[in-house]
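Working notes, structure below.
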Ligand code: MN
């Protein structure tokens, strides 16, 4: 199984979390929120097969870390994974949209020059804006929309762009989240936790918790747990992480 969006470096005891995920044989995409964090986060898991570390500049930090964009550029060739990047249109961050857009566009431009990477993209309160950027840039690599919360209409736009969707147990905590899970075609779904930020029943999620989703999909898709695992495994293969 897989957790394609978690913040390994932000757990109080990363090594414990890593070991549990490793024992479970999970594929893990360890995402970063600032270019400065990349090297140390990479060091945590570079020796572990199936673990990858992506280079990011989180939209909620864009206005504070825009100056790290040069460092982002210099690290770009070190990894095939980019994120967490994107736009955040929620109330607290909307006012920083100009800075967010500068950072996001800079990174998309870079990705366009070498469209072989996998991108994990945040779009909270800004699905429309993120999709407009992606439509405008064209091929920037393989895009995974992480924890999508937009409309059905925008979801269809995303599918037209061949986007993937990484979804986590936290989406089961709201009716809206569950509705979105029912909209996404089986063959575009990937799993994530967004731990330790995202919680489930009040507890921070960690990679092994992706299993919570298996029985949910088994009911939603009317498939056995085993067949759900096959679908997800096949999706991961098609993404070719
Ligand atoms: Mn995240």
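Residue numbers (my numbering): 42 to 282. Ideal placement from N, C-alpha and C gives every residue a C-beta, glycine not left out. Fair warning: this is a prediction, and the values are worked out from it, not measured in the lab.
Heavy atom of the ligand MN within 7 Å of residue 72 beta-carbon: To locate residue 72, count along the chain shown from 1; it is residue 31. Checking the Cβ of residue 72 against the ligand MN gives yes.
Nearest neighbour of residue 56, chosen from 76, 88 and 75 [CA to CA]: Here residue 56 refers to the residue found at position 15 of the chain shown. Nearest of 76, 88 and 75 to residue 56, Cα basis: 88.
Residue ranges of each beta strand (DSSP E) within the segment 48-89, 3 or longer: 68-71
heavy atom of the ligand MN below 7 Å from residue 241 C-beta: Reading the chain shown from its first residue, position 200 is the one you call residue 241. Residue 241 Cβ: outside cutoff for every heavy atom of the ligand MN.
Uninterrupted alpha helix (DSSP H) stretches inside the segment 120-147 (no shorter than 4 residues): none
Close-in-space but distant-in-sequence residues of the same chain around residue 82 (CB under 8 Å, 5 per side omitted): For the purposes of this step, residue 82 is identified with residue 41 of the chain shown, where counting begins at 1. Same-chain partners within the cutoff: 49, 50, 71, 73 and 94.
Contact test: residue 125 Cβ vs the ligand MN heavy atom, cutoff 7 Å: For the purposes of this step, residue 125 is identified with residue 84 of the chain shown, where counting begins at 1. Residue 125: yes, Cβ under 7 Å from the ligand MN.
Residues sharing a beta bridge with residue 44, DSSP: Here residue 44 is taken as the residue at index 3 of the chain shown, counted from 1. 69.
Residue 277 to residue 158 span [Cα, whole Å]: Looking up residue 277 in the chain shown gives position 236. Looking up residue 158 in the chain shown gives position 117. Going by the C-alpha atoms only, they are around 14 Å apart.
Three-way DSSP call (helix, strand, coil) for residue 207 in this model: Residue 207 sits at position 166 when you count from the first residue of the chain shown. Strand, per DSSP.
Cβ-heavy atom distance, residue 258 to the ligand MN, below 7 Å: Numbered from its first residue, the chain shown carries residue 258 at position 217. Residue 258 Cβ: outside cutoff for every heavy atom of the ligand MN.
8 Å Cβ cutoff met for residue 67 and residue 249: The residue labelled residue 67 in the question sits at position 26 within the chain shown. The residue labelled residue 249 in the question sits at position 208 within the chain shown. Contact flag set, yes.
Touch test, the segment 228-244 against the segment 196-208, Cβ-Cβ under 8 Å, three pairs minimum: yes
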